[in-house]
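Enquirer:
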Amino acid sequence: MLKTAILQSNYIPWKGYFDLINSVDEFILYDEMQYTKNDWRNRNKIKTPNGVQWLTIPVKQDSLEQKINETKVFDPKWNIKHWRTLQQNYSKAPYFKFYKELFENLYLTNSTSYLSQINLLFITAICNELGIKTKITSSEQYSYGDGKTERLVNLVKATGGKEYVSGPAAKDYLNESLFEEAGIKVTWMNYAGYQEYHQLFPPFEHGVSILDLLFNEGPNASLFMKSFVELGKIHE
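Put into structure tokens, the structure is as follows:
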């Protein structure tokens, strides 16, 4: 049974985001949605000696109707600042040197000014490091009509999917009956019960960027992700 997930792109997302990607056959980035301020599209959290800190990509928002894939960066030096901050806070992490070249190149050779493209760049690179083989596409590649839930149903149908895997936040608005009518099963992700890993600067915090997990656990990162353990996808 082909599984599909649909979600807006996030900047260097937390491990749960990648567990969702790893749980499906096709993951659709739904960046034709409205850009929202103070959300995960352009920012995420890291650990520092002074507690959790936001890393935020400064973007332009010209109107409330602006879509995520229309959103552009307004500070051309954001990438230099972010990489410097990561170096300052993770240089002593066990696997920082292991990933240093990869992420330094991702940050410092980045030439796009579109938020969606920046997010995709990091998401695909991190999936590659984790061994996630899921097909990643964009909603722009499909025709899906109108209606909040109807659009999702049509996107899943377009992929040939028979099961829609959703994050728990969508329970507030998703009309499951429309999926049932289309012969599509709805499954909800459960982000509870994550195992703690070696992390700098106690106390432990689960809700930070996956970079924290990579820098601290390296190639063993998948051992601390639910989808790899539950689906038997641990790779050597």
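Under the working numbering, the first residue of the sequence shown is numbered 111, with each subsequent residue one higher. C-beta: ideal position from N, C-alpha, C; glycine also. Note that the structure is predicted; figures quoted are calculated from it, not measured.
Measure the Cβ-Cβ separation of LYS182 and TYR224 and say whether it is below 8 Å.
Expert: Here residue 182 corresponds to residue number 72 of the sequence shown, with the count starting at 1. Here residue 224 corresponds to residue number 114 of the sequence shown, with the count starting at 1. Yes; because the gap between Cβ atoms is below 8 Å, this pair is in contact.
Enquirer: Look at the Cβ atom of SER119, then the Cβ atom of ILE178, and state whether they are nearer than 8 Å.
Expert: If you number the sequence shown from 1, residue 119 lands on position 9. If you number the sequence shown from 1, residue 178 lands on position 68. Cβ distance < 8 Å, so SER119 and ILE178 count as in contact.
Enquirer: Between SER173, TYR127 and GLY126, which lies nearest to THR146 when the distance is taken from Cα to Cα?
Expert: Working through the sequence shown from its first residue, we reach residue 146 at position 36. Nearest option by C-alpha distance: SER173.
Enquirer: GLY277 to GLU327, Cα distance in whole Å?
Expert: As a working note, residue 277 is residue 167 in the sequence shown. As a working note, residue 327 is residue 217 in the sequence shown. When rounded, the distance between both Cα atoms is 25 Å.
Enquirer: By Cβ distance below 6 Å, which residues in the same chain neighbour GLY126 in space, the five residues on each side in sequence not counted?
Expert: The residue given as residue 126 occupies position 16 in the sequence shown. Excluding positions up to five away in sequence, the list reads TYR301.
Enquirer: According to the neighbour-count rule (16 or more other Cβ atoms, all chains shown, within 10 Å of its Cβ), is TRP164 buried or exposed?
Expert: Residue mapping note: residue 164 aligns to position 54 of the sequence shown, counting from 1. With fewer than 16 other Cβ atoms within 10 Å, it is exposed.
Enquirer: Sort ASP322, LEU310, LEU321 and GLY303 by Cα distance to LYS336 and report the nearest one.
Expert: As a first step, residue 336 must be located in the sequence shown, where it is residue number 226. Here the closest residue by C-alpha is GLY303.
Enquirer: Once DSSP output is grouped into helix, strand and coil, what is the label at PHE137?
Expert: Your numbering for residue 137 matches position 27 in the sequence shown. In the structure shown, PHE137 sits in a strand (DSSP, three-state: E or B).
Enquirer: Among the residues of its own chain, which have a CB less than 6 Å from the CB of SER248, if the five just before and after it don't count?
Expert: Locating residue 248 in the sequence shown gives position 138, counting from the first residue. Contacts found: LEU139.
Enquirer: Buried or exposed, going by whether 16 or more other CB atoms sit within 10 Å of the CB of LYS202?
Expert: By one-based count along the sequence shown, residue 202 stands at place 92. Looking at its Cβ environment, which holds fewer than 16 other Cβ atoms inside 10 Å, LYS202 is exposed.
Enquirer: Rounded to the nearest angstrom, what separates GLU340 and GLU214 at their Cα positions?
Expert: As a working mapping, residue 340 is identified with position 230 in the sequence shown. As a working mapping, residue 214 is identified with position 104 in the sequence shown. When rounded, the distance between both Cα atoms is 32 Å.
Enquirer: At which residues does the beta strand (DSSP E) containing ASN154 begin and terminate?
Expert: Numbered from its first residue, the sequence shown carries residue 154 at position 44. Counting along the chain, the beta strand (DSSP E) containing ASN154 begins and ends at 153-158.
Enquirer: Between the Cα of PRO313 and those of ARG153, TRP124, ARG151 and THR158, spot the shortest distance and give me the residue it belongs to.
Expert: One-based indexing of the sequence shown puts residue 313 at position 203. Nearest C-alpha to PRO313: THR158.
Enquirer: Can you check the stretch 197-255 for any alpha helix (DSSP H) of at least 4 residues that lies completely inside it and give the ranges in chain order?
Expert: Those alpha helix (DSSP H) runs which fall completely within the stretch 197-255 and span 4+ residues are 206-218 and 225-240.
Enquirer: For TYR400 and ASP282, what's the separation of their Cα atoms in angstroms?
Expert: Residue 400 falls outside the range modelled here, since the chain spans only 111 to 346, and no answer is possible.
Enquirer: Specify the secondary structure class of GLU273 as computed by DSSP and reduced to three states.
Expert: Taking the sequence shown and counting its residues from 1, one reaches residue 273 at position 163. Note: GLU273 maps to strand in three-state DSSP.
Enquirer: Determine contact between the stretch 284-294 and the stretch 258-275, defined as no fewer than three beta-carbon pairs at a distance below 8 Å.
Expert: The stretch 284-294 is in contact with the stretch 258-275.
Enquirer: Taking C-alpha atoms, which residue in HIS308, GLY270, VAL162 and GLN144 lies nearest to TYR252?
Expert: Here residue 252 is taken as the residue at index 142 of the sequence shown, counted from 1. The residue with the shortest Cα to Cα distance from TYR252 is GLY270.
Enquirer: Tell me whether ILE122 sits in a helix, a strand or coil according to DSSP, three-state version.
Expert: Working through the sequence shown from its first residue, we reach residue 122 at position 12. Here ILE122 sits in coil by DSSP.
Enquirer: Compare the Cα-Cα distances from LYS170 to each of LYS210, LYS155, ARG151 and LYS267 and report the closest residue.
Expert: Your numbering for residue 170 matches position 60 in the sequence shown. Of LYS210, LYS155, ARG151 and LYS267, the residue nearest in Cα terms is ARG151.
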